[in-house]
Ligand code: ADP
């Protein structure tokens, strides 16, 4: 996938999508990307800037899947934007390349989020907003580049169990860790005894590299793995990797207090992301998965 191919394809995709500005890309500049995709800033003929994420197909991730991955990211960004609670970049176009795919979105001049209190308030508002009657989403999406099963479920625990099983199947843990993984699936309903779980709109992968501040200092969230799920599941990745301040937690939990059993469920939600990191990035995350399994069913 060459820069020239990407530049031409982005221009065509924007024109086709009816982009309101001038759709001609005059320059693509590499930008600091995330762990999964390649990032560029696109300079447009009218002087505007857009943000472009692209991904080359690779063994285990076909061109069609990279396209579906970006389509799912667009859907997720649109759902988060529709909630109106937190600033989210506007997705503008998705397109195919000879060997991959890309997503173009509004460029936001991001800076570190200094005051996380507003993120806590806005995230709680998003989680408290009314949603559908069931859990999940119309289609599967991706967390990082790992597929994330969706569909619609009446019971949150059934969706969570299917997702945990999917990660455990991929991880192929050996010996005691594998046993504990399957035992956890059996015990899962017990972690939710007496808890009233309602569908909340969840970003789904909100680690500290997936939020920042815009030019005015207001929170921005991006790179989601969206679904309607238990609001506590949002906090799993935050607690796994940190980067959250007491101001965030105070603001969030003032609006959504911790329910009984919160800490044990937090370990389940951490494990989901630990398994995903093991599946994405390998052995460095095995110890973490084993520790969490020990904590949960040891
Ligand atoms: P990946 O899917 O590879 O993890 P991200 O979507 O997280 O990629 O984007 C990588 C980085 O690019 C982010 O950490 C952020 O700094 C920056 N970024 C993401 N979205 C935008 C945007 N709309 N405008 C400007 N910069 C962005």
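In the UniProt record's numbering, the protein residues as written are 1 to 298. C-beta: ideal position from N, C-alpha, C; glycine also.
- The alpha helix (DSSP H) runs lying completely inside the stretch 214–269 and spanning 4 residues or more are 235–241 and 246–255, given in chain order.
- Scanning 23, 47, 73 and 61 for the CA closest to the CA of residue 12 turns up 23.
- DSSP places residue 29 in the uninterrupted beta strand (DSSP E) bounded by 25–31.
- With contacts defined by Cβ atoms closer than 7 Å, residue 280 and residue 66 do not form a contacting pair.
- Burial state of residue 234 is buried, judged by a 10 Å Cβ sphere holding 16 or more other Cβ atoms.
- Secondary structure in the stretch 98–130: the beta strand (DSSP E) runs of 3 residues or longer, each lying completely within the stretch, are 100–106 in chain order.
- Annotation for residue 166: no beta strand (DSSP E) segment contains it, though the alpha helix (DSSP H) segment containing it runs 156–171.
- Here residue 121 is buried. Its C-beta has 16 or more other C-beta atoms within 10 Å.
- Assigned with DSSP and collapsed to three states, residue 44 falls in strand.
- In the structure shown, the three-state DSSP call for residue 19 is coil.
- With contacts defined by Cβ atoms closer than 7 Å, residue 161 and residue 185 form a contacting pair.
- Per DSSP, residue 52 is one residue of the beta strand (DSSP E) stretching across 49–56.
- Judged by DSSP in its simplified three-state form, residue 297 adopts helix.
- Going by DSSP, residue 83 is part of the alpha helix (DSSP H) stretching over 63–83.
- The beta carbon of residue 270 is closer than 8 Å to those of 236, 237, 239, 240 and 292 in its chain, skipping five residues each way along the sequence.
- With contacts defined by Cβ atoms closer than 7 Å, residue 256 and residue 124 form a contacting pair.
- Beyond the five residues adjoining it in sequence on each side, residue 218 comes within less than 8 Å, by CB distance, of 87 and 118 in the same chain, given in chain order.
- Shown here, residue 10 sits in a helix according to DSSP, grouped into three states.
- Take residue 232, set aside five residues on each side of it, and the residues of its chain with a beta-carbon closer than 8 Å to its own are 259, 262, 265, 266 and 269, in chain order.
- Nearest C-alpha to residue 110 among 32, 289 and 163: 32.
- According to the DSSP assignment, residue 184 belongs to the alpha helix (DSSP H) that extends over 175–187.
- Comparing alpha carbon positions, the residue from 7, 18 and 47 closest to residue 54 is 7.
- At a cut-off of 6 Å, the beta-carbon of residue 51 counts as near ligand 1: some heavy atom of the ligand is closer than that.
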